[in-house]
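**Q**
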Amino acid sequence: MLGSACLSGRGERLEPRPRARMLRQVLQGALRTFFQSLGRFVASHPVFFASAPVLLSILLGASFSRYRVEEDVESLLVPKHSLAKIEGNLVDSLFPVNHRSKHALYSDLQTPGRYGRVIVTARKGSVLDPVHLDSILKLHRQIYQMQVTVPATGSNSFNYSFSYLCLSDDKNVCIIDDIIRAMEEIQSARASNRSIPVLRYPITQLADGRQAYIGHQLGGVQGWGPSGVVRGLGMGARGEGVRSARALQLTYYLQARSSLMDQVASQWEKAFCAELQHFAASHPKLVLYPSTSSSLRTDFQFSSVLAHHPLLASVGVCSVLAVLCCSMRDCVRSKPWLGLLALLSVTLSGLTAAGILNLTGATYNSTYLGIPFVMLGHGLFGSFEMLSSWRRSREDQHVKERVASVFEDVMLRFSGSTMLHLMTLGLAASPLTNMEAVRLFCRTATLAITISYFYMLSFYSSCLVFTGYLETGYRHGCFCRRVPKPDHLDSKPAWYRCLMYARYQEETQMTNPPHGVGNSHAHSLNTNLTHTHAHTHPHTANNPNALGHGHVANSTHSHPHPHSTASTDPHPQDSHLLLGCVQRCYGDWITNTYVKPFVVLLYLIYISFGLMGFMQVSQGSDPSALVAMDTATVLYTRAQQRYFSSYSPVIGFYIYESTPYWNMSVQRDLLEYAKGFQRISWLEAYLNYLSERNQSTTQSRENFTHTLCHSFLRETQFAHFADDIIFAERGQGQEPDVAASRIFLVAKTTENKREEMSVLLDTLRRLSLTSRVRFLIFNPSFVYLDRYAAAVSSPLRHSLLAVLFLLGLSSLAVVEPLVSVWLSLTLLSVQFGVLGFMTLWGVEMDCMSVLCLISALGYSVDCSGPLLCGFTSGRGDSRTRWVRVALERHGVPSLQTLICYSAALVPVGSIRSNLTFTLFRCLTLTAGCSALTAALSLQETSRHKR
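Its first residue numbered 1239, the sequence shown is counted upward by one per residue in the working numbering.
(1) Taking residue 1299 as part of the alpha helix (DSSP H), name the residues at either end of that continuous run.
(2) Please classify residue 1840: does DSSP put it in a helix, a strand, or coil?
(3) Relative to the C-alpha of residue 1906, which candidate in 1881, 1644, 2010 has its C-alpha closest?
(4) Does DSSP put residue 2008 in a helix, a strand or coil?
(5) According to DSSP, residue 1984 sits in a beta bridge with which residue or residues?
(6) Could you work out which residue in 1919, 1372, 1455 is closest to residue 1423 when comparing CA atoms only?
(7) Closest to residue 1546 by CA distance: which of 1323, 2146, 1740, 1483 is it?
(8) Report yes or no: do three or more beta-carbon pairs, one from the segment 1523-1542 and one from the segment 1550-1565, lie closer than 8 angstroms?
(9) Following the continuous beta strand (DSSP E) through residue 1460, name the residue where it begins and the one where it ends.
(10) Judging by CA-CA distance, which residue of 1983, 1937, 1939, 2085 is the nearest neighbour of residue 1678?
(11) Who are the Cβ neighbours of residue 1237 in its own chain at under 7 angstroms, not counting the five residues just before and after it?
(12) Quick one: what does DSSP say residue 1712 is sitting in, helix, strand or coil?
(13) Have a look at residue 1850 and residue 2070 and give me their C-alpha separation to the nearest angstrom.
(14) Could you tell me whether the segment 1874-1894 touches the segment 1945-1956, using the rule of 3 or more Cβ pairs below 8 angstroms?
(15) Quick check on the burial criterion: 16 or more other C-beta atoms within 10 angstroms. Buried or exposed for residue 1300?
(16) For the beta strand (DSSP E) containing residue 2014, list its first residue and its last residue.
(17) Specify whether the segment 2074-2084 and the segment 2027-2038 touch according to this definition: at least 3 beta carbon pairs, one from each stretch, less than 8 angstroms apart.
(18) Taking the beta carbon of residue 1324 as the centre, do at least 16 other beta carbons fall within 10 Å, making it buried, or is it exposed?
(19) Report the three-state DSSP secondary structure of residue 1717 (helix, strand or coil).
(20) Let me make sure I understand the geometry here. Which of 1710, 1718, 1341, 2173 has the alpha-carbon closest to that of residue 1840?
(21) Is it the case that the Cβ atoms of residue 2096 and residue 1662 are separated by a distance below 8 angstroms?
(22) Taking the C-alpha atoms as reference points, what is the distance between residue 1645 and residue 1696?
(23) Please state whether the Cβ-Cβ distance between residue 1576 and residue 1627 is less than 8 angstroms.
(24) Roughly how far, in whole angstroms, is the beta-carbon of residue 2068 from the beta-carbon of residue 2167, given that I think they are within contact range, below 8 angstroms?
(25) Compute the beta-carbon to beta-carbon distance between residue 1569 and residue 1740, rounded to the nearest angstrom, for a pair I have assumed lies under 8 angstroms.
(26) Taking the alpha-carbon positions, what's the residue 1445 to residue 2149 distance?
(27) If the criterion is Cβ atoms closer than 8 angstroms, does the pair residue 1359 and residue 2018 meet it?
(28) Can you look up residue 1540 in the DSSP assignment and give me helix, strand or coil?
(29) Using the DSSP secondary-structure output, state which residues sit across from residue 1529 in a beta bridge.
(30) Residue 2076: buried (16+ other C-beta within 10 angstroms of its C-beta) or exposed?
(31) Measuring CB atoms only, is the segment 1300-1320 touching the segment 1672-1686, in the sense that at least three cross pairs come out at less than 8 angstroms?
(32) Within 10 angstroms of its Cβ, does residue 1991 collect 16 or more other Cβ (buried), or is it exposed?
(33) How is residue 1307 classed by DSSP in three states: helix, strand or coil?
(34) From the DSSP output, read off the bridge partner residues of residue 1432.
(35) Is residue 1867 helix, strand or coil when you go by DSSP?
(36) Can the beta-carbon of residue 1493 be found less than 8 angstroms from the beta-carbon of residue 1405?
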């Protein structure tokens, strides 16, 4: 599958299944013939194949008027199918989360609906100091009175204030944070010279007797311990007195009942941020960290905006290096324009893919920033392989025949690599993938790679035809002017002679006899390729690694491939600098006997560090790790982790079936479940209410329910518990039954809040399976935590298994089993190394890193496949010789691709974005591990090859 370089026609090697070998020969022969005919057809119509992709790209590029950005970031970054979503739907049917529940069901960045939130910190002192407290209450009044005008202009404009947009209770009063009421009570007591009410933490009691949880509204708390001892931040017991607080958090919940109200709420959020910015400028003693419901989406997509200039710089750097890689000292053989045209081919394919996405109504997100690099790596691999094959072709042939031989030599290998790309990306784009961001990325990358493949066959191949005609006409590869004869150059200046330097005529006469005497004996100029006299055979006009031509090296009168021209060049360093370096430097070094122990040691070090990182892999379910740096989301998250990491998000404990709450064993079980949590529980408050009135807590159902409805819930301090209970009517004259209820739990956490929440979620779920009380737990943040590691890593596992299966299947009919085995080991080694080293580099396993790992499968095939195929196809002679042959034929294209690809990644590292940092690190490790593994595997393969 990876190319015709993978098979041999020799029969002296014993194989257990000769029929499979014959099948491979037949299939590869048919494919070579097809690609040869295709190359000849493209060379016969170069204008059409060059202009059609350009016109198609321009037409589809006009569809950018339909460009749309993804608005729902949560749908991208959370598992599409999870138990948490099912639980959320059930909870929403009982206690609508987007209604009055969401102010009690606090979560960090995952609060549903519209809202505005701000963390206020004091540069010096406590936020509860009188001067700071007055400023914060002033800020609250300004936000409460703030108005927005929608539409901004026109006679139909209306002014909307927070009191109109706010989330209201059953008395139609705006729901505000309890800390505001507590602060207003403190301010009022100070103004009237009354004793200041004690503010307790994390649960305090308000003036109306109601207990309120303020653990997420006050942060960095120091409390009064026994005997007046100052306790640490948030380390006190339930209800300890607050001495000072470093931070305070306010949340303003909005309603969006219709599209108009959603538009108004969106404008209010913008005005909210502007008001905070103005307030911070006028109150330098306070620091404000705002966040709204749209902050995560805006900051997530802002990475694409920041990447505009660095991506242009990447294109510029890659263009310069591609031109240099395609240039030679010989001005006629030099083809610098092909480097630019290769990038143009990749750009046109990307533009075409984008146009198709626009026409189909697809949306864009910042993870698509990795797609150009997937296309770039694969496109450069194909273009440099074609150019290398062209330089090995016979120069006395017609351009059409040279292009046909290039297609026959390269396209089978390039098509196999493309198929592996499509297999890895296509399977990850299937419905089996549970992460929407991964699925959309792989779907778009699959489309882009497919279009890039066809544009390489058409556009780039046509450009190769045009440059071939320039070479045949003895014209300058850059300026397209005909190069003067040597006698005319003698009178020119030195710079002109250097610019017009060409060894074309003398080398053609020396290495290529005139067409028609090609069957005469010719002594090889390079003993690395053949040690005998050779006949040029009509069927050897292609790669010597091709099907049926593996006998080239073993035959006494071999049939050398015309592509051996470059290899028989007596001055390879004059032809191409990289070729001379690979032959003279790396080739001599890697084939040295004393280098083998060093290579083994280097590989053991590589595996050791990879294993060290592999053992430390951690999941990255925090969405703030995928947004641009220095944005509101990142600054707010840092402040929250610093001041509000003592407690978990509020966990809703939902009893969704009718339960005998009056039963003592049920009461005991529910109290036991809530033990160890900070809790706001109607059941606990009700049982205390009964005990204070000397009533038994184990009453009959009628008495228990009657007291609950007609006494407990009518008390002012307990009236808010009515939102936590759903009653079901039983019949006329009978007391209603408690059909469902809820309590709120908050766990004590440390710095690893997300890991602890994930463990707590699994523990409580296991408990729900064995409990007699049917309950479930939910918080909006659970959709990010629930089986996130499995959801984000499953596409990678599926793609890797699919590639290994495809390689194993192809070994039966297309490639040799030895190639499949070594290529599979190489892929596993690269994946293991990238995963381990990215962990050591501080990259977590999130959707972006998984996308890079999936694309690394294809890149490692491009980097390693041709070298392994070229080496393992060799028969006879020494292993050292075939290592050199593989390096000469495929080492230079791989090195050129690595240089250009790595240089294009450098500007990406300068983007101030967490997402692009992950992209840069993972792709850099992919390039490095692929190159290292390819070089080491070539040495290791030579040790095992017979």
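Ideal Cβ placement from N, Cα and C applies to all residues, glycine included.
**A** The answer reads as follows:
(1) Looking up residue 1299 in the sequence shown gives position 61. First-last of the alpha helix (DSSP H) with residue 1299: 1284-1299.
(2) The residue given as residue 1840 occupies position 602 in the sequence shown. Of the three classes helix, strand and coil, the one that applies to residue 1840 here is helix, per DSSP.
(3) Here residue 1906 refers to the residue found at position 668 of the sequence shown. Per the Cα distances, 2010.
(4) What you label residue 2008 is simply residue 770 of the sequence shown in a count that begins at 1. Correct three-state label for residue 2008: helix.
(5) Residue numbering aside, residue 1984 sits at position 746 when the sequence shown is read from its first letter. 1916, per the DSSP bridge assignment.
(6) One-based indexing of the sequence shown puts residue 1423 at position 185. Selected option, being the one with the closest Cα: 1372.
(7) In the sequence shown, counting from the first residue as 1, residue 1546 sits at position 308. Considering only alpha carbons, the answer is 2146.
(8) no
(9) One-based indexing of the sequence shown puts residue 1460 at position 222. Unbroken beta strand (DSSP E) run through residue 1460: 1456-1462.
(10) Here residue 1678 corresponds to residue number 440 of the sequence shown, with the count starting at 1. Closest by alpha carbon: 2085.
(11) Any question about residue 1237 goes unanswered here, given that the chain covers just 1239 to 2184.
(12) In the sequence shown, counting from the first residue as 1, residue 1712 sits at position 474. In this structure, residue 1712 counts as coil in the three-state DSSP scheme.
(13) Indexing the sequence shown from 1 puts residue 1850 at position 612. Indexing the sequence shown from 1 puts residue 2070 at position 832. If I take the Cα positions, the gap works out to 11 angstroms.
(14) no
(15) In the sequence shown, counting from the first residue as 1, residue 1300 sits at position 62. Residue 1300 should be labelled exposed.
(16) Walking along the sequence shown from the start, residue 2014 turns up at place 776. Its beta strand (DSSP E) spans residues 2013-2016.
(17) yes
(18) One-based indexing of the sequence shown puts residue 1324 at position 86. So residue 1324 ends up on the exposed side.
(19) Counting from one through the sequence shown, the residue named residue 1717 turns up at place 479. Reduced to three states, the DSSP call for residue 1717 is coil.
(20) Numbered from 1 along the sequence shown, position 602 holds the residue referred to as residue 1840. Checked all of 1710, 1718, 1341, 2173; the closest Cα to residue 1840 is 2173.
(21) What you label residue 2096 is simply residue 858 of the sequence shown in a count that begins at 1. What you label residue 1662 is simply residue 424 of the sequence shown in a count that begins at 1. Going by C-beta atoms, residue 2096 is nearer than 8 angstroms to residue 1662.
(22) Within the sequence shown, residue 1645 is the residue found at index 407, counting from 1. Within the sequence shown, residue 1696 is the residue found at index 458, counting from 1. So the alpha carbons of these two residues sit roughly 11 angstroms apart.
(23) Locating residue 1576 in the sequence shown gives position 338, counting from the first residue. Locating residue 1627 in the sequence shown gives position 389, counting from the first residue. Result no, Cβ atoms of residue 1576 and residue 1627 do not sit closer than 8 angstroms.
(24) Locating residue 2068 in the sequence shown gives position 830, counting from the first residue. Locating residue 2167 in the sequence shown gives position 929, counting from the first residue. Indeed, because the Cβ distance is near 5 angstroms, the residues count as touching under 8 angstroms.
(25) As a first step, residue 1569 is located in the sequence shown; it is residue number 331 there, counting from the start. As a first step, residue 1740 is located in the sequence shown; it is residue number 502 there, counting from the start. Between residue 1740 and residue 1569 the Cβ distance is about 5 angstroms, and since that is below 8 angstroms, they are a contact.
(26) Along the sequence shown, one-based indexing puts residue 1445 at 207. Along the sequence shown, one-based indexing puts residue 2149 at 911. About 51 angstroms.
(27) Taking the first residue of the sequence shown as position 1, residue 1359 is located at position 121. Taking the first residue of the sequence shown as position 1, residue 2018 is located at position 780. Taking 8 angstroms as the Cβ cut-off, residue 1359 and residue 2018 do not qualify as a contacting pair.
(28) Locating residue 1540 in the sequence shown gives position 302, where the first residue counts as 1. Looking at residue 1540 - three-state DSSP - the assignment turns out to be helix.
(29) The residue given as residue 1529 occupies position 291 in the sequence shown. Beta-bridge pairing links residue 1529 to 1355.
(30) As a first step, residue 2076 is located in the sequence shown; it is residue number 838 there, counting from the start. Classification for residue 2076: buried.
(31) yes
(32) As a first step, residue 1991 must be located in the sequence shown, where it is residue number 753. It counts as buried.
(33) Here the question's residue 1307 lines up with position 69 in the sequence shown. Three-state result, residue 1307: strand.
(34) The residue given as residue 1432 occupies position 194 in the sequence shown. Partner(s): none; residue 1432 has no beta bridge.
(35) Here residue 1867 refers to the residue found at position 629 of the sequence shown. Residue 1867 falls in the coil class under three-state DSSP.
(36) Counted from its first residue, the sequence shown places residue 1493 at position 255. Counted from its first residue, the sequence shown places residue 1405 at position 167. Cβ distance < 8 angstroms, so residue 1493 and residue 1405 count as in contact.
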